[in-house]
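Undergrad:
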Amino acid sequence: MSQRQQRLPAKLGTRSAGMRLSRASFGEATLQISSSATLKSEILKASGDRNGLDRSGPEVEAIRKSIDALEAREGSLQQLDLTSTTWRLVYTNSKGNSSGKLGPFIGRVTQVFPGDTPAQYINKVQIGPFEAAVLAEYEYARKDRINVTFLNTTFKLGPFRYCKETTMKGHWTLKYADEELRILTSNQNNVFVLARVS
2 MSQRQQRLPA KLGTRSAGMR LSRASFGEAT LQISSSATLK SEILKASGDR NGLDRSGPEV
62 EAIRKSIDAL EAREGSLQQL DLTSTTWRLV YTNSKGNSSG KLGPFIGRVT QVFPGDTPAQ
122 YINKVQIGPF EAAVLAEYEY ARKDRINVTF LNTTFKLGPF RYCKETTMKG HWTLKYADEE
182 LRILTSNQNN VFVLARVS
């Protein structure tokens, strides 16, 4: 047997090992993707349908752990084109109006990025026939920071409409972002989790 023939099994063995390694690596990647999907599902399920405002201490802690685990994943900040998209608030620990809580009522909160004004978004709170909408301009200061300038707030109730200008400013810190879910903290350190609607 020639030396070339003797070396063939070693080469094939190396190739097989490489294939096994590739499969193992692919398996790890698949596991990571599945885990991210599971974490997102856990957050959505645990948050309920009242923006997370009715969750108890242990429930809030479980949500917080899932959020932390999701934020810690490699590549957790995707660059998204938000134009013409709509997002719904599913969880927050804020007690302010941005949480959808107005007095004893908790409304549905959506964040709309109009297609005709790419640098603006509208935060809407809907409680029955009442709607409050905040118009704001935004820009990315860096990959994980969004500066915001609030322009006006519009209140609607049936045929009645009232618009009030504002000059408030703030910023969001982006903790996680993909095509399905975004997690941000405000400059007051409140957490907001938004799921894509359209």
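Sequential numbering from 2 applies to the sequence shown in the working numbering. The beta-carbon is built from N, C-alpha and C at its ideal position, and this holds for glycine as well.
1) Taking DSSP as the reference, what is the three-state secondary structure of Leu40?
2) Between which residues of its own chain and Lys66 is the CB-CB distance below 7 angstroms, once the five residues before and five after are set aside?
3) Can you tell me whether DSSP reads Val198 as helix, strand or coil?
4) Quick check on the DSSP output: the alpha helix (DSSP H) that includes Ser67 runs from which residue to which?
5) As a quick exercise: from Leu83, Phe131 and Val194, pick the residue whose alpha carbon is nearest that of Leu182.
6) Here's the rule: buried if 16 or more other CB atoms are within 10 angstroms of the residue's CB, otherwise exposed. What is Tyr122?
7) For Phe114, does the count of other Cβ atoms within 10 angstroms reach 16, so buried, or fall short, so exposed?
8) Just to confirm the assignment, what range does the beta strand (DSSP E) spanning Arg162 have?
9) Hey, how far is the Cα of Ser199 from the Cα of His172?
10) On the criterion of 16 or more Cβ atoms from any shown chain inside 10 Å, does Asn153 qualify as buried, or is it exposed?
11) If we ignore side chains and look at the alpha-carbon of each, how far apart do Gly101 and Val135 end up?
12) Classify Lys46 as buried or exposed, calling it buried when 16 or more other Cβ atoms lie within 10 Å of its own Cβ.
13) Flag this pair as touching only if the segment 38-58 and the segment 84-96 have three or more C-beta atom pairs under 8 angstroms; answer yes or no.
TA: According to the structure data:
1) Taking the first residue of the sequence shown as 1, we reach residue 40 at position 39. The answer is helix: DSSP assigns Leu40 an H, G or I state.
2) If you number the sequence shown from 1, residue 66 lands on position 65. Cβ neighbours of Lys66 beyond the five flanking positions: none.
3) Residue numbering aside, residue 198 sits at position 197 when the sequence shown is read from its first letter. Three-state DSSP puts Val198 in coil, outside helix and strand.
4) Indexing the sequence shown from 1 puts residue 67 at position 66. Unbroken alpha helix (DSSP H) run through Ser67: Gly58 to Glu72.
5) Locating residue 182 in the sequence shown gives position 181, where the first residue counts as 1. Closest by alpha carbon: Val194.
6) Here residue 122 is taken as the residue at index 121 of the sequence shown, counted from 1. With 16 or more other Cβ atoms within 10 Å, it is buried.
7) Taking the first residue of the sequence shown as position 1, residue 114 is located at position 113. Under this definition Phe114 is a buried residue.
8) Reading the sequence shown from its first residue, position 161 is the one you call residue 162. Where Arg162 is concerned, the enclosing beta strand (DSSP E) stretches over Phe161 to Glu166.
9) Working through the sequence shown from its first residue, we reach residue 199 at position 198. Working through the sequence shown from its first residue, we reach residue 172 at position 171. Computed Cα separation, rounded: 24 angstroms.
10) For the purposes of this step, residue 153 is taken as residue 152 along the sequence shown, with counting starting at 1. When all chains shown are included, Asn153 counts as exposed.
11) The sequence position of residue 101 within the sequence shown is 100, counting from 1. The sequence position of residue 135 within the sequence shown is 134, counting from 1. Each residue's Cα considered, the two are about 12 angstroms apart.
12) Start at 1 with the first residue of the sequence shown, and residue 46 comes out as number 45. Label assigned to Lys46: exposed.
13) yes
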